[in-house]
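Mapped onto the numbering used here, the consecutive letters of the sequence shown carry residue numbers 1 to 913.
Just so it is clear, CB atoms sit at the ideal spot from N, CA and C, and this is done for glycine as well.
Quantities reported herein were computed from a predicted structural model and do not represent experimental measurements.
Notes follow the structure.
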Amino acid sequence: MPYNGSLELAAVGSSAIVAALGLATWYNARKDAKNPTLSADVQYLLTKAQELHLKQAGKSLADTSDALPLSAVLSALEESRMALGTKNTSAEHITNKGASDAALTKKELEETMRTMLAPPGAGGFGGPDGESALDRFTRDLTLAARQGKLDPVICRDEEIRRCVHILSRRTKNNPVLIGETGVGKTATVEGLAQRIVAGDVPVSLMGVKILDLDLGSLTAGCMMPGEFEERLKAVLTEMAAMKNRAILFIDDIHNLVPAMGAQGATMMDGGSLLKPALSRVELRCIGATSIDKFKKTIEKDPALERRFQQVFIDQPTVPATISILRGLRERYEGYHGVGISEAALMAAASLAARYISGRFLPDKAIDLMDEATAQVKMEQTLKPEVLDVVERRIGQLEMEAKSLKPKAAKERAAEHCLAEVEAQLTALRAQRLELATANALANEVPVNTESRGKYVSQMMQLSRDIEQLTDEADVADDEGELESATEMRGRISQLHEELAEAQTKMIQCPFEPPTFMINHRKAEVSEGDVAKVVSRWTGIPITKLVASEREKLLHLQDELHNRIIGQEEAVGAVAEAIQRSRADLADPNGPIASFMFLGPTGVGKTELAKALAAYLFNSEEAIVRLDMSEYMEKHAVSRLIGAPPGYVGYDEGGLLTDAVKRRPYSVVLFDEIEKAHVDVFNVLLQVLDDGRVTDAQGHTVSFKNTLIIMTSNLGSAEIFTQASAEEEDRGAVKERVMEHVRTHFRPEFINRIDDFITFQPLKRDQITQIVKLRAKRLVDRMSEKRMRLELQECAVEYLASVGYDPVYGARPVKRALQRELQTLLAQALLRNDFEEEDTVVVKADSSGVGLVLMKGPKIATKAEAAAAAITLTGGESNAELAMNGHEQPALEGPALHPSKAEANGDVEASNGH
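Structure (structure tokens):
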């Protein structure tokens, strides 16, 4: 607050406290002679000093008639300076002045000042009176072990024994545990504490305490330089007073050395305080840090490093992790109230080691087991996730239907949308009833489907009647028919009562309580539960294969052939790699598979990679695609794995490594690999061999769950020469193509690729199939406009003839569709030749040199739209589409169905995209 002379203190010299405060006040006032101010800290100290002085004198704040204004205090200090003949007023002048006036010794004055300047409510360290630094800043691990609060420590016997040996030495008896985060450094110290409590240690460690230093509490509130060091010094002083009957454990000890002050201007150097205590053997200390932090901090201070003995804590193996989980099982079962099967423990260790990268055992396996147990516990009291998704989707659609109903009578688009929503609601309600019934049977709960269905149907009908009467009553009000509107509103009230009664009876059905289905049977975590958590964490589909998925994998080649035309060898090789991976037979030490696709442009190399991503992730966007024409320079390697230290962009990471970190289970496509610089291949060597690469920041990125695909146009001329060759000649052609590959790539790179696949040039009949696949995209866009597009066979043949070019493959098909069909449709729509619910028929003209459009019969009445919304599912049930958030077109596709893909609505792409 601004100084105005109103703040008063007890007279100078009446107490040594004034001298202590005078120094702070003097410096504060001298900062701005024109407008001296008091900081919040000084103001607080002055107030406390006044209260303390009055308390000692037995007076109240109102009795300070002998007080002097602050200006008088400063004047007295100035007089003292002039009397001594010095240029500046120092702390010594102030303390001498206060001591002489108060008849105190200098030692007594310093003690009083030290007490006064302590934080509020302090017994020296801001806690209750009498609280020691150890009580405030440390936690007794041996006491926690004695009370049974520590988890059992397993498979760390050798590390604990090594710590005991070091602690028993006469000098340099300070172990530092070095290991990655989550490998068990803190657990090792807790195991030592448990051994001390059990008496399983040498005599020199009997009865010794292990005190865990809380660095967060130690640094909290340190606002002034030196405050942190003062607290740490108090801790070390009290540790020295215990005569080696306590061991100080400092977790993350690297934070003690480089910790910055609150204002970032002063380096808190705890290492300088530790070194003297360690060298005088006044302190036994256990540190814990990571390998990188040890090198960056402690190792750079040789004097500090030589006082510690290194104990490396390695990541446990999978069998050791299983043993650790067995030791912890009882604790987690008791906490969650759910059993954990042996298969779940083994799955947690093995799946965590294989699929969760960037973390270490046993920490990630313990977290995996913990979350799986919590998930099963939640399923005991809440409705299962699949039912919850269905119910929430039903609620969302019901809100949409309520919003659409008033508009459906006036707008045709709203009517169609309402039909789609009601169709989805019908399917979802049936699925909800099926799920509830199945769960009730699984849990041996009596089922009364007839009663339940009766009440559900009654409630749905009552809701529709209420909404209809409400709309009619509003219309009657608008038209002035008040008597009719009143009667309708009375009927609405009755319907609300009937609806409430039906809802009450439905809830009382014995097989379906208000929370729907509660799993009364399952009370144990299974292997499948653990796999679900891993899938949720990583996006990797490692859940147990059900019969439907097994069938899907067995027919994977057929699914890919629906989209990729004429490339049997390529599709077969890729499908087999996926089957090996999903059957858990692939090499776990490398990528799922690595292929190089060879062939001319437009034959489907890139499209196959997209189709694979769409199959694995239900989206073509789930692919890490790198155009290697952008990596033709030597320095472009840094874009893949990140710039080295000292270069611009060092902290940004690499495009390849960051993408795989975000999506560890993915298709990685290196398009036109032959255009990349030779140094790029050096990076790929380790990716292809060991399934990992180290980025510029030293982090290891795992590629073990990726499918590596490279495309190249090398040897395209050789492939064209065998376009008309027989099957037995293709082997010789592939060998000639491989000669080009061996000329361009080094042997060590070629030897790491699983298979080289040559793509064949497309034939005329295959282009016809691609036209049909391409046309389906246009059909879908027309269906969004409430129109049906039908392509006659003659139109398809005409487009195939225009779009066929053996040199460019399938790419001309896209241009032919744009030029010959899309332009024609666009002009017709702009002229309003067609309107909603029309059928647009496309056929070749009589001369065979163009296409013509004809208007077909009207389609998609309200009933037809509802039927289309139910039948057009693309191989999934309508409920599944709704749960996945997919929009469903109201109109079915074209009249022609050139392939299984179009019949099922599975895919919408062509080879040469």
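- For C155, there is no enclosing alpha helix (DSSP H), as DSSP gives it neither H nor E.
- A419 has its alpha-carbon roughly 12 Å from the corresponding atom of K402.
- Per DSSP, reduced to three states, the secondary structure at V802 is helical.
- A straight line joining the alpha-carbon of E305 with that of E299 spans about 6 Å.
- Taking 7 Å as the cut-off, the beta carbon of N174 is found closer than this to the beta carbon of F308.
- One alpha carbon belongs to F294, the other to A288, and they sit about 9 Å apart.
- By the C-beta criterion, the stretch 407–425 is judged to be in contact with the stretch 387–398, since at least 3 inter-stretch pairs fall below 8 Å.
- In the same chain as D151, and ignoring 5 residues on each side of it, the C-beta atoms closer than 7 Å to its own belong to L328 and R331, in chain order.
- Around the beta carbon of L482, a 10 Å sphere encloses fewer than 16 other beta carbons of the protein chains shown; the residue is thus reported as exposed.
- Here G654 is near I641, since their CB atoms are less than 7 Å apart.
- As computed with DSSP, D212 is found in a beta bridge with R139 and F249.
- CA-to-CA, the gap between P806 and D765 works out to about 12 Å.
- Listed in chain order, the non-local C-beta contacts of E238 below 8 Å within the same chain comprise S132, A133 and L134, local neighbours out to five positions each way being set aside.
- Close CB contacts of R354 within its chain, under the 8 Å cut and outside five residues either way in sequence, are with P588 and K704 (chain order).
- In this structure, L205 sits away from T138, with a CB-CB distance that is not shorter than 7 Å.
- In this structure, the beta-carbon distance from A573 to Q557 does not fall below 7 Å.
- Rounded to whole angstroms, the gap between the alpha carbons of K763 and M596 is 22 Å.
- One thing to note: E527 has its Cβ no nearer than 7 Å to the Cβ of A352.
- Residue state for T694 is assigned as strand, using DSSP reduced to three classes.
- Taken in chain order, the whole beta strand (DSSP E) runs of length 3 or more contained in the stretch 150–207 are 175–178.
- For V603, the secondary structure class from DSSP, reduced to helix, strand or coil, is coil.
- Secondary structure within the stretch 828–854: the beta strand (DSSP E) runs of 3 or more consecutive residues, fully enclosed, are 839–844 (chain order).
- The alpha carbon of L688 has as its nearest neighbour, out of V318, P362, I753 and I250, the alpha carbon of I753.
- In the DSSP assignment, F749 falls within the unbroken alpha helix (DSSP H) covering P747 to I750.
- Within its own chain, the residues whose Cβ lies closer than 7 Å to the Cβ of L685, once the five positions on either side in sequence are excluded, are E748, F749 and R752, listed in chain order.
- Each of N682, A643, V624 and I253 was checked against the Cα of K661, and the nearest Cα belongs to V624.
- Following the DSSP letters along the chain, one finds A288 inside the beta strand (DSSP E) bounded by residues R284 to T289.
- When C-alpha distances from V771 are compared across E797, E607, E568 and K407, the shortest belongs to E797.
- Distance from V311 to C163 at the Cβ level is roughly 6 Å; contact confirmed, criterion being Cβ atoms closer than 8 Å.
- Q494 counts as exposed, since fewer than 16 other beta carbons sit within 10 angstroms of its beta carbon.
- By the Cβ criterion, the stretch 399–415 is not in contact with the stretch 377–390, since fewer than three pairs of Cβ atoms, one from each stretch, lie closer than 8 Å.
- Using a Cβ-Cβ distance cut-off of 8 Å, the stretch 216–223 and the stretch 176–188 are not in contact, since fewer than three pairs of beta carbons, one from each stretch, lie closer than that value.
- When the Cα atoms are used, M399 and E559 turn out to be separated by approximately 37 Å.
- Here the alpha carbons of A144 and L192 stand approximately 12 Å from one another.
- Within the stretch 291–374, the alpha helix (DSSP H) runs of at least 4 residues that lie entirely inside it are, in chain order, 291–296, 302–305, 318–336 and 342–355.
- Put simply, the backbone Cα of K785 is about 20 Å away from that of E820.
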